[in-house]
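Presented below is the structure to which this report refers.
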Amino acid sequence: MSTTSYGLIALVMFTIGNILVVLTNAIPGLQMAAMSLFLGALGMTLYQAVKGQPIRTYWRQPPRHYAFLVSGVGVYTALIYVAFRHAPPFEVNAINYLWPILLVAFATLFHTGRLNAPKIVGIVMGFIGTFLIFVPAHANGFMGGLQAGHFLALIAAILWAAYSASAKNKTYPAGLMAPAMFISAFLCAGLHLMFEKTVMPVGIEWVYVLLLGFFRLSYLFWDESMRGGNVVFLASLAYFVPLASTLLFIAFGYTAANIWIALGASFIVSGCIIVNLRDLMRLIKR
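Numbering-wise, my numbering puts 52 at position 52 of the sequence shown, and it's gapless, one number per residue.
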């Protein structure tokens with residue numbers, strides 16, 4: 001499987017993941033972040049052991065590699081889980097999914113140093129489309145009053161886009177993701193014990209927790225694709241993540257379908273095509 005294919009799988013997991021986060025809203029954010037990161041890291045480590053991979057080598061990496069992954073994966077997870085607990089879920093989801101558009105800009109600037117006209121137009125259309133998707137049907141306006149969760153979601157979006165765009169030039173082994181997630185889990189657990197009250201999952205919530213742990217594999221897939229795949233291509237396809245995620249939020253009753261979603265979808269699809277226009281023309285000529 002190509003590294004770009006890993007990125008596509010990660011995008012599907014990202015699309016579903018936020019619904020699972022919302023379905024566990026009764027559990028404090030830092031606690032949920034710690035649990036999902038720990039389960040994800042444990043699953044990765046068990047897989048490495050079964051496959052006979054050099055686990056000790058994965059752990060023996062320079063501190064700068066740990067710092068990069070923990071600050072990217074760990075901090076992002078903590079921010080977005082807490083954000084969903086401190087603002088309306090649909091609005092948090094809206095702000096969080098600015099990262100695909102930011103990633104196109106960051107990836108292009110980091111790797112080529114300049115944005116050409118089609119990419120600028122595509123990025124702007126993506127911003128417009130994302131905004132239109134999340135224009136609410138109620139009369140109070142888009143935000144209805146800023147809350148802490150809105151700011152946390154914005155920071156998370158910027159952080160994830162910057163981390164993803166920066167990963168291209170990193171040389172750490174993919175297996176480092178497991179120990180980095182273990183460390184992130186324990187840091188989140190420590191913060192949870194300091195600032196939150198523990199709430200144990202009940203009933204179906206255990207299924208959601210386990211699924212979220214499994215879905216942390218998306219971090220490994222995404223990291224691999226950012227370092228070895230077509231970053232700008234994946235970033236532009238990520239425009240579809242907020243659209244698909246919105247449809248899931250509609251299906252689960254967190255928002256209602258409206259004309260704004262249809263308008264936003266048209267802008268997003270058009271923006272994705274424009275950003276990748278050169279690559280699409282090459283494919284047509286073949």
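Don't be surprised by glycine CBs; every beta carbon is placed ideally from N, CA and C. In this text, all values refer to a predicted model and were calculated from it rather than measured experimentally.
Cα-Cα separation, residue i to residue j
i: Thr-108; j: Leu-46; result: 36 Å
i: Ile-123; j: Ile-55; result: 40 Å
i: Leu-234; j: Thr-4; result: 7 Å
i: Lys-51; j: Ala-167; result: 25 Å
i: Trp-222; j: Ala-26; result: 28 Å
i: Ala-87; j: Val-231; result: 31 Å
i: Gly-43; j: Ser-218; result: 12 Å
i: Leu-98; j: Ile-158; result: 8 Å
i: His-273; j: Leu-220; result: According to the sequence provided, residue 273 is Ile. The question's His does not apply to it. The alpha-carbon atoms of Ile-273 and Leu-220 are separated by roughly 27 Å.
i: Ala-94; j: Val-12; result: 17 Å
Proximity of residue i and residue j at Cβ, strictly below 7 Å
i: Ile-133; j: Gly-264; result: yes
i: Ile-268; j: Gly-74; result: no
i: Val-92; j: Ala-83; result: yes
i: Ala-162; j: Glu-224; result: no
i: Pro-100; j: Ala-238; result: yes
i: Glu-205; j: Leu-30; result: no
i: Pro-89; j: Tyr-254; result: yes
i: Thr-15; j: Val-241; result: yes
i: Asn-96; j: Ala-153; result: yes
i: Gly-40; j: Gly-213; result: yes
i: Ser-164; j: Leu-102; result: no
CB-CB length for residue i against residue j, believed under 8 Å
i: Leu-69; j: Met-177; result: 6 Å
i: Ile-80; j: Ala-10; result: Rounded, the Cβ-Cβ distance is 15 Å, inconsistent with contact.
i: Leu-37; j: Arg-278; result: That pair is no contact at about 38 Å.
Nonlocal neighbours in the same chain, by C-beta distance under 7 Å from residue i, ignoring five residues either side
i: Ala-34; result: Ala-185, Cys-188, Ala-189, His-192
i: Ile-261; result: Ile-133, Thr-246
i: Thr-127; result: The question names Thr, but residue 127 in the sequence shown is Phe. Contacts found: Ile-101.
Cβ shell of residue i (< 6 Å), same chain only, five flanking positions each side left out
i: Ile-250; result: Ala-257
i: Gly-306; result: In this structure the chain extends from 1 to 286, so residue 306 is not present and cannot be described.
i: Ser-148; result: Here residue 148 turns out to be Ala, not Ser, going by the sequence shown. Correct list, in chain order: His-86.
Close beta carbons around residue i, own chain, < 8 Å, minus the five adjacent residues each side
i: Tyr-66; result: Leu-176, Pro-179, Ala-180, Ile-183
i: Leu-211; result: Leu-20
- [ ] Evaluate the contact criterion for the segment 60 to 67 versus the segment 198 to 213: three or more CB pairs, one atom per stretch, below 8 Å.
- [x] no
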